[in-house]
Ligand code: TYM
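Residue numbers (our numbering): 213 to 544.
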């Protein structure tokens, strides 16, 4: 049987964090043995919000290194840079004719960005979901491992694929957001407001590059309260978030112990945060150390990018030929 095709990407707009790990990278690593995988650094997408490219090269190296440090094997999956695959721009152009201004303006991420950068509401920002659909469709992928925040972009990619097929004939399968039979993940920020993020909330986000003491400091500062006064009370958001993080990095027995303390109103949040901090340090430190060594090995990273671009380029070229033919752009 043909292996299912997997595609996903991460923007090089800052340091990777626990949200990127549990929303995306963890699944990349699990999927690389079973599926045909294409994972990229979305450098073109980053230009919609970060036009200054002075630090871009470093960020690209960091994202590649962090992907590999988390367990991604460039010999199994294609690990590449979006801008190295020129066919992306071509498919983006065709898909732009199938995307409507009204639906693009209604996209949540677009509305958020307009609020964040009112002086740079560029057309690339508006058509961001179209470029993302092009990335996915270029490999005719069906499974897209992403976090919850990308759900709407995936719905739009399905619409564009269906519209293309309807107009020009069946070329694209429907892509779906993927997380091993479970709900998509949203890793909350430590201050109980919103999610962990590369560029906002830096003190409430745990980065894969944070050193041990910084991790401890961030966790010990997380918001708590006096604790519940009634057994089995519902949890406030900020407490639920601490349990959620504990579920991600601590042993199941540890989680159960603190849940039992919570339900019997004997919980001491100081102890819980100390435990969580140590478990978090144990989780992050090996990734940080590995990434640090890879990040500065320019020769190795160049080989990774070249090998990735070769694999991704082959698949992209095959798709773009089919697309040109389907649209009717072949005149001889
Ligand atoms: P980006 O760079 O914002 O995030 C990369 C991945 O990390 C996930 N993620 C989270 N998951 C759970 N909790 C969080 N707090 C959290 N923060 C981030 C994101 O869902 C994502 O999976 N548009 C994409 C990049 C992209 C792409 C693609 C993705 C470009 N082309 C094609 C898939 C397929 C983005 O901005 O991701």
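We put the beta carbon where it would ideally sit given N, CA and C, even for glycine.
This structure is a prediction, so every number in the text was calculated from the model and none was measured.
In the DSSP assignment, the alpha helix (DSSP H) including residue i goes from what residue to what residue?
i, result
"residue 321", "320 to 328"
"residue 358", "Segment: none, residue 358 is in no alpha helix (DSSP H) and carries neither H nor E."
"residue 365", "363 to 380"
"residue 464", "464 to 475"
"residue 300", "299 to 308"
"residue 500", "481 to 507"
"residue 270", "268 to 281"
"residue 533", "510 to 539"
"residue 315", "313 to 317"
"residue 459", "449 to 461"
"residue 239", "238 to 243"
"residue 341", "340 to 349"
"residue 432", "424 to 432"
Check the DSSP bridge columns for residue i and list the partner residues they point to.
i, result
"residue 252", "221, 292"
"residue 390", "357"
"residue 229", "419"
"residue 400", "407"
What does the alpha-carbon distance come out to for the pair residue i and residue j?
i, j, result
"residue 536", "residue 361", "32 Å"
"residue 468", "residue 481", "15 Å"
"residue 502", "residue 456", "26 Å"
"residue 392", "residue 262", "32 Å"
"residue 266", "residue 260", "15 Å"
"residue 428", "residue 246", "36 Å"
"residue 383", "residue 376", "8 Å"
"residue 438", "residue 318", "41 Å"
"residue 521", "residue 500", "26 Å"
"residue 449", "residue 417", "16 Å"
"residue 344", "residue 350", "10 Å"
"residue 426", "residue 498", "15 Å"
"residue 397", "residue 219", "17 Å"
"residue 287", "residue 399", "29 Å"
"residue 310", "residue 378", "11 Å"
"residue 472", "residue 479", "8 Å"
"residue 451", "residue 289", "38 Å"
"residue 346", "residue 307", "7 Å"
"residue 316", "residue 533", "27 Å"
"residue 276", "residue 513", "8 Å"
"residue 214", "residue 355", "14 Å"
"residue 380", "residue 240", "32 Å"
"residue 405", "residue 504", "30 Å"
"residue 488", "residue 465", "13 Å"
"residue 436", "residue 340", "38 Å"
"residue 248", "residue 357", "13 Å"
"residue 326", "residue 333", "6 Å"
"residue 528", "residue 374", "19 Å"
"residue 298", "residue 413", "34 Å"
"residue 328", "residue 543", "46 Å"
"residue 470", "residue 424", "23 Å"
"residue 538", "residue 330", "39 Å"
"residue 548", "residue 291", "There is simply no residue 548 to check, as the chain begins at 213 and stops at 544 in what is shown."
Could one say the Cβ of residue i lies closer than 8 Å to chain B's Cβ atoms, at least one of them?
i, result
"residue 311", "The question asks about chain B, but that chain is absent: this structure has only one protein chain."
When you compare the CB positions of residue i and residue j, do they come within less than 8 Å of one another, or not?
i, j, result
"residue 226", "residue 410", "yes"
"residue 342", "residue 322", "no"
"residue 228", "residue 419", "yes"
"residue 231", "residue 253", "no"
"residue 524", "residue 233", "no"
"residue 236", "residue 359", "yes"
"residue 460", "residue 484", "no"
"residue 477", "residue 446", "no"
"residue 385", "residue 366", "no"
"residue 281", "residue 506", "yes"
"residue 422", "residue 496", "yes"
"residue 509", "residue 462", "no"
With respect to 7 Å, is the separation between the Cβ of residue i and the closest non-hydrogen atom of the ligand MN below this value?
i, result
"residue 526", "With respect to the ligand MN, the structure offers nothing, as its ligand set consists of the ligand TYM."
Original post:
With a cut-off of 8 Å, do at least 3 Cβ pairs link the region 300 to 310 to the region 260 to 277?
Top reply: no
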